[in-house]
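Asks:
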Amino acid sequence: MVSTRSSSSRADSAGPDGASPTASPTKATRAAAKRSTPSSSTAVARRSDTTSAKAAAAGRWAHTPTAFTLLWMAVSLPLVVWDTIYVLGRPHTMEGGWLHWPLWVPYKLYGEVDHVYGWKAFNARNGFTAAQGFLNAIETAMYLAYIAAWLAARRRNTEGRLEGRDAAVAVLVGFSAAVMTLSKTVLYWMNEYYSGFDNIGHNTIIDLIPLWIIPNGAWLIGSTYMIWSLGANIIDGLEAASGHAKSD
Numbered sequence: 001m002v003s004t005r006s007s008s009s010r011a012d013s014a015g016p017d018g019a020s021p022t023a024s025p026t027k028a029t030r031a032a033a034k035r036s037t038p039s040s041s042t043a044v045a046r047r048s049d050t051t052s053a054k055a056a057a058a059g060r061w062a063h064t065p066t067a068f069t070l071l072w073m074a075v076s077l078p079l080v081v082w083d084t085i086y087v088l089g090r091p092h093t094m095e096g097g098w099l100h101w102p103l104w105v106p107y108k109l110y111g112e113v114d115h116v117y118g119w120k121a122f123n124a125r126n127g128f129t130a131a132q133g134f135l136n137a138i139e140t141a142m143y144l145a146y147i148a149a150w151l152a153a154r155r156r157n158t159e160g161r162l163e164g165r166d167a168a169v170a171v172l173v174g175f176s177a178a179v180m181t182l183s184k185t186v187l188y189w190m191n192e193y194y195s196g197f198d199n200i201g202h203n204t205i206i207d208l209i210p211l212w213i214i215p216n217g218a219w220l221i222g223s224t225y226m227i228w229s230l231g232a233n234i235i236d237g238l239e240a241a242s243g244h245a246k247s248d
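Position 147 of the sequence shown, counted from 1, bears residue number 147 in UniProt numbering, the numbering being contiguous throughout.
What follows is the structure, given as structure tokens:
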């Protein structure tokens, strides 16, 4: 028999002959079940929330390139293509070569500032220049794939928002390319440092700042920003997929 605590205490004070009647076991059980079990509407709401979260994690994650990313791509990609063709086209793109004028005339000066790009490295058969040019070509292809995905998305919506698998692939490709760019640029700086500035040490600091430090430093900043921006987007996607996305 199930009884409440209050009815039991009243029965004890009244004695055996004055015991008050207790609640029906069936009614008490139903009341307890009603208190302990959520309402059907609450359960449905919870299932609905879970389903919505799973649906969002499964296919609604989206990515839109930031304005700075698009600006950086617009500035850097033509310059990298220009640089890569010069490097891989040597000696024809160097002074005296049939491809030198007019596109690669500025590299005459740059080759004098940075001997990695000049005749010193080429005549010494220094493979570092061509190796980094080869990686430039791979990075450029990856960046172009990222831009192509964004342009394709713009045909579907004005913001160029990518969703689902398209977004995941584009972000992965762009992030990987940015990591390659940053790593290669740091390697370029470290190559000078650990060689005792063998290729640029003949310049004055006044010449180095506008002709070497600022141009090469820009690639450190641009690639670092892309890693931060795209990396944050990847983390958001992984959080959503795990069902533990942070609330705003």
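Every residue gets a Cβ at the ideal spot worked out from N, C-alpha and C, and that includes glycine. Treat the numbers as computed from the prediction; the structure is a model and nothing was measured.
Hey, how far is the Cα of G97 from the Cα of Y110?
Replies: By 1-based counting over the sequence shown, the position of residue 97 is 97. By 1-based counting over the sequence shown, the position of residue 110 is 110. Taking the straight line from one Cα to the other gives about 16 Å.
Asks: I need the straight-line Cα distance from H100 to V179, nearest angstrom please.
Replies: For the purposes of this step, residue 100 is taken as the residue at position 100 of the sequence shown. For the purposes of this step, residue 179 is taken as the residue at position 179 of the sequence shown. Approximately 31 Å between the Cα atoms of the pair.
Asks: What does the alpha-carbon distance come out to for the pair E192 and L172?
Replies: For the purposes of this step, residue 192 is taken as residue 192 along the sequence shown, with counting starting at 1. For the purposes of this step, residue 172 is taken as residue 172 along the sequence shown, with counting starting at 1. C-alpha separation (whole angstroms): 31 Å.
Asks: E163 bridges to which residues according to DSSP?
Replies: For the purposes of this step, residue 163 is taken as residue 163 along the sequence shown, with counting starting at 1. BP columns for E163 point to A62.
Asks: Is the beta carbon of I147 sitting closer than 8 Å to the one on L182?
Replies: In the sequence shown, counting from the first residue as 1, residue 147 sits at position 147. In the sequence shown, counting from the first residue as 1, residue 182 sits at position 182. The answer is no: Cβ separation not under 8 Å.
Asks: Is it buried or exposed for A45, if we count other Cβ within 10 angstroms and need 16 for buried?
Replies: In the sequence shown, the residue the question calls residue 45 occupies position 45. For A45, the predicted model reports a pLDDT of 39, less than 50, meaning its position is unreliable; a value from the coordinates is still stated below. With fewer than 16 other Cβ atoms within 10 Å, it is exposed.
Asks: Within a Cβ cutoff of 8 Å, which residues of the same chain sit near D198, ignoring the five residues on either side of it in sequence?
Replies: To locate residue 198, count along the sequence shown from 1; it is residue 198. Within the same chain, D198 has close Cβ partners H115 and E192.
Asks: Do N136 and D83 have their CB atoms nearer than 8 Å?
Replies: The residue given as residue 136 occupies position 136 in the sequence shown. The residue given as residue 83 occupies position 83 in the sequence shown. Going by C-beta atoms, N136 is nearer than 8 Å to D83.
Asks: Whose C-alpha, out of M94, S223 and L230, is nearest the C-alpha of L77?
Replies: Residue 77 sits at position 77 when you count from the first residue of the sequence shown. Of M94, S223 and L230, the residue nearest in Cα terms is S223.
Asks: Could you check how far apart the C-beta atoms of V113 and I200 are, in whole angstroms? I think they sit under 8 Å.
Replies: Looking up residue 113 in the sequence shown gives position 113. Looking up residue 200 in the sequence shown gives position 200. Confirmed, Cβ separation roughly 7 Å.
Asks: What does a CB cutoff of less than 6 Å around A62 pick up in its chain, not counting 5 residues either side in sequence?
Replies: Here residue 62 corresponds to residue number 62 of the sequence shown, with the count starting at 1. Excluding residues within five positions, the ones whose Cβ falls inside 6 Å are R161, E163 and A167.
Asks: Three-state secondary structure (DSSP) at P91?
Replies: By 1-based counting over the sequence shown, the position of residue 91 is 91. Coil, per DSSP.
Asks: Between the Cα of I213 and those of I235, H202, G196 and W189, spot the shortest distance and give me the residue it belongs to.
Replies: Residue numbering aside, residue 213 sits at position 213 when the sequence shown is read from its first letter. Answer by Cα proximity: W189.
Asks: Taking the alpha helix (DSSP H) that W119 falls in, what are its first and last residues?
Replies: Along the sequence shown, read from residue 1 onward, the residue named residue 119 stands at position 119. Counting along the chain, the alpha helix (DSSP H) containing W119 begins and ends at W119 to N123.
Asks: Please return the same chain residues whose Cβ sits closer than 6 Å to the Cβ of A177, not counting the five positions on each side in sequence.
Replies: Residue numbering aside, residue 177 sits at position 177 when the sequence shown is read from its first letter. Contacts found: E139, M142 and Y143.
Asks: Expressed to the nearest angstrom, what Euclidean distance is found between the alpha-carbon atoms of W119 and T64?
Replies: Position 119 of the sequence shown, counted from the start, is the residue given in the question as residue 119. Position 64 of the sequence shown, counted from the start, is the residue given in the question as residue 64. Taking the straight line joining both Cα atoms gives about 44 Å.
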